[in-house]
Every structure is written in C-alpha cells, then in structure tokens.
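Novice:
Written out as structure tokens, the structure is:
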C-alpha cells in the first residue's frame with residue numbers, strides 16, 4: 361500500500377467570505393516525484409490573502425484553483441526524495457507545495473532553505489513572498505524619500521511591517537493602520553511605526569480620515585495599498601501632490617462578492633480618478649511574481665537585518681493541516697497577529 | 361476717458377453643465393501695465409476643458425476663479441505697450457490673458473510668438489498647452505513601444521490628435537474614440553488613426569467595449585485618459601498586463617455635479633482598483649503646468665513636424681468674445697471639431 365498524505369481541496373467557490381464547506385480535507389497517495397522533481401514533507405505552509413482570489417473563477421493574474429484541486433500556496437519542508445541535481449534528501453526547500461502534508465514539485469520552482477540561517481518559516485514571511493512584496497513595492501514604486509510620510513494598513517502583517525520598518529530606516533514618518541489596540545501597540549512598540557490608527561475604532565471613513573490626518577501631521581506622500589475599502593476611502597483625500605500608491609492587494613474587498621457595484625458605495629470611481637489627476641498621483645499595481653529577478657537584491661539587503669534583529673518578525677502559527685481553513689478565514693478577517701503560517705509536523 | 365475693453369466674468373458657479381447665466385459679458389477700462397508687465401490686444405483666446413474645473417469652488421490643482429473674476433485661459437495677441445525688456449510693442453505674445461479683449465500680464469508668464477513661423481493659433485493648440493499635454497503624457501508616462509496598441513478618446517481634439525499622430529509615427533497601432541461619424545472619419549483620414557470608434561453609436565459601455573476590442577484586435581497597452589466615464593468603463597477590462605494610463609483629464613465627468621456617487625454608477629472604485637492590481641497597471645495623473653521645463657524639447661521635436669505637415673492641425677474657430685460661453689458649453693459636449701479657439705479681432 362502506498363503511503364498516504366493529506367491535502368485540502370477546494371470544494372466550492374465562495375460568494376463573499378469563504379465558509380468551512382468550501383474546503384475539504386482529503387487523504388491521497390503520496391505522489392512519486394517525476395523527472396526533475398523533488399518530493400517534500402511540508403513542515404510549514406503559508407496562508408496569504410491572495411489565496412482568496414484563487415478560489416474565484418474569473419480573470420486575474422493567475423488561474424483559479426479548480427474545484428477538487430489542492431489549494432495553492434507556498435510551503436517549506438524537508439526533501440524526502442529528489443530527481444534533481446540541486447536537491448538531496450534531507451535538504452530543506454521552499455516551494456509551491458500547496459495546502460498539503462506532502463508535495464512533488466519541479467525543483468526549478470523551489471529554493472533551498474538553510475535552517476542554520478534562522479527559522480525556516482522566514483522563507484514564508486519576512487524573507488519570502490510577503491516581505492519581498494513590501495520591500496519591492498516600497499522601493500521601486502513608492503520611491504521613498506527621507507522626510508516624507510508613509511501610510512500602510514495591515515501594519516503588523518508581513519507586508520505592512522516590512523514596509524514600515526524599511527521606510528522608517530530611510531527617514532520617513534510612518535503611520536500604520538491596524539485592527540485593534542493590541543495590533544496598534546505592536547505596530548509602534550515592535551515595528552517602530554511613529555503612530556498606528558485602530559481602524560475598528562472608527563465606523564466611517566470620514567472619522568478614520570481625521571485620525572490618520574492628525575497622526576500624519578498633514579498629508580501623505582506614499583500610501584502602500586494592501587487593503588482597499590474604508591482605509592482607501594479615508595486616505596485618498598489626504599494624498600499630497602506627486603504622491604505614490606503601490607497597489608499589491610485589497611484584502612477588504614476580497615470577500616466582497618465579485619467587487620460589484622455595492623462593494624463600497626461611498627468611494628466612487630470618478631472620485632478616485634479625480635484624486636489621481638488633481639494630485640498627480642502615480643498608482644502602480646504589481647504582483648511580486650513578476651519581479652523575482654530582484655529577489656537576490658532583497659535577500660542580500662534584508663536577510664542580514666533580520667539576522668541582526670533590526671527587522672523584527674512576528675508570526676502567528678496555527679497547528680495542523682485540518683486547521684488551515686479556519687486560520688485562513690480568520691486571516692481574511694484580520695484575526696491573525698503577524699505572518700500566518702500553519703505547522704504541519 | 362480711458363479706453364474700454366471687454367471681458368467675460370464668472371457670474372455664478374454651475375452645478376453640472378454651465379449655463380449662459382454663469383457668464384457675464386462686461387465692459388471695463390483697459391488696464392495700465394505695471395512694472396515688468398505687458399499690455400496685450402488679445403487676437404485669439406483658447407477654450408479648454410480644464411476651465412470647467414476653475415468654475416468650481418473646491419480643492420483642485422489650481423485655485424477657482426472668484427465670482428466676478430475674469431474667466432482664466434491662455435491667449436495670443438499683439439503687445440501694445442511693454443514695461444519689459446523682453447517685449448516691445450508690435451510683438452506677438454502667448455500668455456494668460458483670460459477671456460478678454462485686452463490684458464496686462466507679467467512678461468515672465470508670457471512667451472514670444474513669431475507669426476512668420478506659422479499661424480499664431482498654434483500656440484494655443486498643437487504647439488501649446490494641449491499639444492504639449494499629449495506629447496508629454498504619451499512619451500513620459502505612456503512609454504510607447506512599437507507594436508503596441510494605444511487608445512485615446514477625443515481623438516480629433518488637440519490632445520488626442522497629438523497622441524495619436526506621435527504614437528502612430530512610433531509604430532503603435534492607434535485606435536481613436538470620437539463622437540460622431542464626421543469626427544471618426546477625420547481621425548482616420550486626417551490624423552492617421554488605424555481605426556476610430558464612434559462612442560455615440562453605443563449606448564452602453566459593454567457594446568462600446570466590444571467595438572474597441574474588435575478595432576484593437578486584442579488588448580490595450582496604453583490608454584491615454586482624457587475623458588473618463590463610459591469610455592473608461594469600456595476600456596478598463598481591455599487593458600493588457602503592464603499597461604499604462606496617463607490621466608490628463610476626464611471631460612465626461614466635469615459636468616457631473618461634483619463627481620459624486622451617482623456620477624457613474626456602473627464603474628465602481630473596487631473594479632478600477634482591482635483592474636490596476638491584476639493587470640499591473642501604471643496609472644499616472646499629471647497636469648502639464650508642472651512640466652514646462654520639458655517644453656523646449658517638445659517644441660524642438662514637434663514644431664518642425666507641424667511646419668512640414670507631418671503633424672496635422674484642425675481648428676474650430678468661434679468669432680467674437682460674446683460667443684465664447686456658447687463655444688465653451690459646446691466644447692464640454694463635444695460639439696467642436698478640432699482645437700477650439702475664439703477669434704477676438
């Protein structure tokens with residue numbers, strides 16, 4: 361009998377927030393790695409907001425997960441068999457292993473991870489896709505200058521905390537936005553934000569705007585966009601001339617049922633467009649998978665700062681593959697504190 | 361008795377489309393030029409969509425015209441008195457002369473125009489602010505590459521026709537959008553667009569989108585935005601990955617009464633934001649007055665092409681200051697064909 365593994369499949373496409381019935385925990389045979397592939401025992405899997413998009417059946421930058429297919433995502437684990445010259449059994453690897461205890465993956469899509477260099481979970485967060493997203497978007501599209509003011513939401517998440525820490529080190533004033541007093545305290549005390557606004561304390565964009573304006577002491581030069589919704593509506597009128605908005609996500613809208621007309625009635629398309637025009641804004645959408653060529657530069661710059669403690673890391677670790685759906689649903693509601701991973705072993 | 365002049369003052373602030381009562385034709389004394397100023401007999405004044413914004417009382421990139429103040433705008437005319445070393449009586453000058461037969465203006469805000477080099481109205485259109493807007497936005501923000509596809513609306517206007525002609529010469533496929541069969545014919549036959557779509561032939565964005573898609577033979581790399589509204593809604597889903605959208609105006613929304621929630625219900629903010637993200641778009645608002653430093657480069661490149669006829673010019677000339685309000689109201693509805701000016705002498 362072939363050895364067995366577990367995986368979580370997409371059982372249905374949600375309208376709005378995913379529910380438990382949209383996921384199914386299944387048992388399958390452990391695959392045999394094909395030519396050029398490695399077989400990995402996944403130790404940690406990543407949970408990231410973009411995965412919500414993969415559950416939808418529509419045009420996006422990546423194909424949707426098919427019904428019955430394993431939920432996609434990055435993971436880090438131990439190589440247990442290898443048909444690649446670049447990996448041997450016992451190595452640790454980061455790769456697209458999905459929501460699964462085991463996976464066979466093309467070795468060219470994987471990266472070696474050395475546990476001697478620090479916690480292997482860093483490859484999923486601060487030194488992985490989310491951290492790289494924050495760094496790239498800030499440096500390449502945000503074009504930060506000392507003395508400017510930056511705002512980023514999800515400030516204690518792996519993207520926002522990277523953006524805030526790198527910007528602060530460059531001499532910017534950093535104002536975070538987060539959900540709840542605990543996260544706001546962490547944003548300031550752990551991640552060094554000059555201030556952090558609790559968006560849950562304001563039930564409308566206007567009051568939230570006033571609080572952000574007060575914390576900024578004026579306008580905003582860089583709004584690093586990863587949430588959309590109420591925060592975007594609050595921030596747009598505060599943008600300074602020649603402001604920059606890198607756009608890497610819009611988590612508040614991911615559950616909005618197709619981003620239709622009712623998703624956010626107060627923030628209109630003409631209002632966004634007008635703000636872009638009259639303030640000469642530069643708004644740039646990006647998805648980090650188009651920019652892996654810059655990853656070595658990122659790793660060389662940020663890796664040592666993580667090792668030295670200059671860049672702080674906070675992780676939220678769920679335990680057990682069967683708990684991944686609940687952790688993911690919580691992530692979309694902002695229940696996690698820090699980078700969400702799932703421990704599988 | 362001092363010699364008299366005529367001017368058009370802002371008599372009230374419109375909600376929606378301007379009406380005749382928002383303008384008032386007045387007689388005033390011809391001013392005496394102060395130190396460093398020139399006195400000009402205005403021969404032609406320019407009418408441009410941005411002037412609608414100056415009629416509103418709200419935050420924009422420029423201060424509103426005060427009630428009772430002369431409507432602002434560029435003009436070209438003959439210097440009749442000069443307190444500047446740079447101008448002498450008899451020179452022709454372009455400057456901020458407003459909707460008026462005569463004006464005193466700071467010589468530093470004016471530019472000499474040589475009638476021997478071609479029609480002086482060129483300084484208001486093809487070799488003035490609108491032409492420069494099209495050229496700058498295309499070259500600096502559109503980043504055109506041969507083989508790409510460009511879409512621009514108001515294709516026979518002074519901005520759109522410059523964008524189309526420069527892009528075509530660079531090897532792009534150019535698809536114009538204009539209102540009515542006459543303008544579409546002109547876009548193709550005079551300005552060399554590969555195709556031009558009559559937006560009036562489609563009463564909804566979906567059908568307009570199908571026509572644009574068909575004309576493009578695929579997606580759009582550069583959408584040069586000067587209209588907003590239905591065209592924007594039609595175009596957004598057609599944008600290709602890494603597409604660019606320079607935003608210099610949104611004439612279809614200028615009369616929309618403050619660009620409020622009801623201005624365009626079908627095109628939502630989340631839909632715009634999502635398109636920017638999933639297609640990695642670069643959206644850049646700009647106003648050409650921030651970029652006059654590049655004007656000499658523009659004039660050196662485009663001036664000879666206008667003189668040689670490689671860049672075509674179409675003007676729509678209203679006659680008499682008293683007809684300026686009607687011509688302006690028509691401009692906002694797309695009634696003009698080519699660059700709208702008003703002949704004052």
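Chains as they are written, first to last, in this note's numbering: chain A, 361 to 705; chain B, 361 to 705. Beta carbons: idealized from backbone N, C-alpha and C, even for Gly.
Which residues, in order along the stretch 632-647 of chain B, keep a beta-carbon less than 7 angstroms from a beta-carbon of chain A?
Specialist: From the stretch 632-647 of chain B, only 632, 633, 634, 636, 637, 638, 639, 640, 641, 642, 643, 644, 645, 646 and 647 have a Cβ closer than 7 angstroms to chain A.
Novice: Is it the case that the Cβ atoms of residue 480 of chain A and residue 441 of chain A are separated by a distance below 8 angstroms?
Specialist: No, these two residues do not count as a Cβ contact at 8 angstroms.
Novice: Could you give the first and the last residue of the continuous beta strand (DSSP E) run that contains residue 466 of chain B?
Specialist: Residues 462-466.
Novice: Under the DSSP definition of a beta bridge, which residues are partnered with residue 370 of chain B?
Specialist: According to DSSP, which records beta bridges pairwise, residue 370 of chain B is partnered with B:383.
Novice: Just the Cα atoms here: how many angstroms apart are residue 665 of chain A and residue 458 of chain A?
Specialist: When rounded, the distance between both Cα atoms is 29 angstroms.
Novice: Tell me, to the nearest whole angstrom, how far the beta carbon of residue 603 of chain A is from that of residue 639 of chain A; I am working on the premise that it is less than 8 angstroms.
Specialist: That belief holds up - the Cβ atoms of residue 603 of chain A and residue 639 of chain A are roughly 6 angstroms apart, short of 8 angstroms.
Novice: So residue 609 of chain B contacts chain A; which residues on that side make the cut at Cβ distance below 9 angstroms?
Specialist: Neighbours of residue 609 of chain B on chain A, chain order: 637.
Novice: Note down, one range per segment and in chain order, each alpha helix (DSSP H) of at least 4 residues found wholly within the stretch 503-586 of chain B.
Specialist: Complete alpha helix (DSSP H) runs here, min 4: 518-529, 541-549 and 565-576.
Novice: Decide if residue 409 of chain B is buried, meaning its Cβ has at least 16 other Cβ atoms within 10 Å, or exposed.
Specialist: It counts as buried.
Novice: Check the Cβ of residue 564 of chain A against every Cβ in chain B and list those closer than 8 angstroms, keeping chain order.
Specialist: By Cβ distance, chain B contributes nothing, its closest Cβ being about 14 angstroms from residue 564 of chain A, past 8 angstroms.
Novice: Taking Cβ-Cβ distances below 7 angstroms as the criterion, which residues of the stretch 579-591 of chain B are in contact with chain A?
Specialist: Going along the stretch 579-591 of chain B in chain order, one finds 588 with a Cβ nearer than 7 angstroms to chain A.
Novice: Would you mind telling me which residues of chain B sit closer than 8 angstroms to residue 613 of chain A, beta carbon to beta carbon, in chain order?
Specialist: Neighbours of residue 613 of chain A on chain B, chain order: 630, 633 and 634.
Novice: I need the DSSP call for residue 390 of chain B, collapsed to helix, strand or coil.
Specialist: Coil at residue 390 of chain B, not helix or strand.
Novice: Out of B:521, B:565 and B:562, which one is the CA nearest neighbour of residue 554 of chain B?
Specialist: Nearest option by C-alpha distance: B:521.
Novice: So, residue 358 of chain B versus residue 579 of chain B, is the Cβ gap smaller than 8 angstroms?
Specialist: A query on residue 358 of chain B cannot be resolved here, the shown segment of chain B reaching from 361 to 705 and no further.
Novice: Within 10 angstroms of the Cβ of residue 497 of chain A, are there 16 or more other Cβ atoms? Answer buried if so, exposed if not.
Specialist: So residue 497 of chain A ends up on the buried side.
Novice: CA-CA distance, residue 626 of chain A and residue 386 of chain B?
Specialist: For residue 626 of chain A and residue 386 of chain B, the distance between alpha carbons rounds to 42 angstroms.
Novice: Where residue 539 of chain B and residue 688 of chain B are concerned, what is the direct C-alpha to C-alpha distance, given to the nearest angstrom?
Specialist: So the alpha carbons of these two residues sit roughly 17 angstroms apart.
Novice: Does the stretch 420-436 of chain B come into contact with the stretch 472-489 of chain B, if we say contact requires no fewer than three beta-carbon pairs (one atom in each stretch) closer than 8 angstroms?
Specialist: The stretch 420-436 of chain B is in contact with the stretch 472-489 of chain B.
Novice: Whole angstroms are fine: how far does the CA of residue 641 of chain B sit from the CA of residue 525 of chain B?
Specialist: Each residue's alpha carbon lies about 23 angstroms from the other.
Novice: Is residue 500 of chain B helix, strand or coil by DSSP?
Specialist: Note: residue 500 of chain B maps to helix in three-state DSSP.
Novice: Could you work out which residues of chain B lie near residue 650 of chain A, taking near to mean beta carbons separated by less than 9 angstroms?
Specialist: Going along chain B in sequence order, the residues near residue 650 of chain A (Cβ under 9 angstroms) are 601, 602 and 640.
Novice: Does the structure place the stretch 642-658 of chain A close enough to the stretch 659-679 of chain B that three or more beta carbon pairs sit under 8 angstroms?
Specialist: No, they do not touch.
Novice: Tell me the DSSP bridge mates of residue 606 of chain A?
Specialist: In the DSSP output, where bridge partners are listed per residue, residue 606 of chain A has A:644.
Novice: If you follow the alpha helix (DSSP H) that residue 691 of chain A is part of, which residue opens it and which one closes it?
Specialist: Per DSSP, residue 691 of chain A belongs to the alpha helix (DSSP H) from 684-692.
Novice: Is residue 404 of chain B close to chain A? Criterion is C-beta to C-beta, closer than 8 angstroms.
Specialist: So, not an interface residue.
Novice: According to DSSP, simplified to helix, strand and coil, what is residue 446 of chain B?
Specialist: Residue state, collapsed to three classes: coil.
Novice: Any beta carbon from chain B within less than 8 angstroms of residue 421 of chain A's own beta carbon?
Specialist: Chain B, which has a Cβ nearer than 8 angstroms to the Cβ of residue 421 of chain A, makes this yes.
Novice: I'd like to confirm the pairing. Which residues does DSSP put opposite residue 402 of chain B in its beta bridges?
Specialist: Partner(s): B:437.
Novice: Taking the alpha carbon of residue 450 of chain A as the reference point, which residue from A:371, A:438 and A:461 has its own alpha carbon closest?
Specialist: It is A:438.
Novice: Could you tell me whether the Cβ atoms of residue 543 of chain A and residue 425 of chain A are closer together than 8 angstroms?
Specialist: Not in contact: residue 543 of chain A and residue 425 of chain A (Cβ atoms no closer than 8 angstroms).
Novice: Report all residues from its chain with a CB closer than 7 angstroms to the CB of residue 685 of chain B; omit the five preceding and five following residues, and keep chain order.
Specialist: The answer, listed in chain order, is 368, 380 and 383.
Novice: I'd like the list of long-range same chain contacts for residue 390 of chain B, defined as Cβ closer than 8 angstroms, with 5 residues on each side in sequence excluded.
Specialist: Within the same chain, residue 390 of chain B has close Cβ partners 362, 363, 364, 365, 399 and 462.
Novice: Excluding five sequence neighbours on each side, which residues of the same chain lie with their C-beta closer than 6 angstroms to the C-beta of residue 676 of chain B?
Specialist: Only 696, 697, 698 and 700 meet the Cβ criterion.
Novice: Which value, in whole angstroms, describes the spacing of the CA atoms of residue 377 of chain B and residue 532 of chain B?
Specialist: One C-alpha to the other measures close to 36 angstroms.
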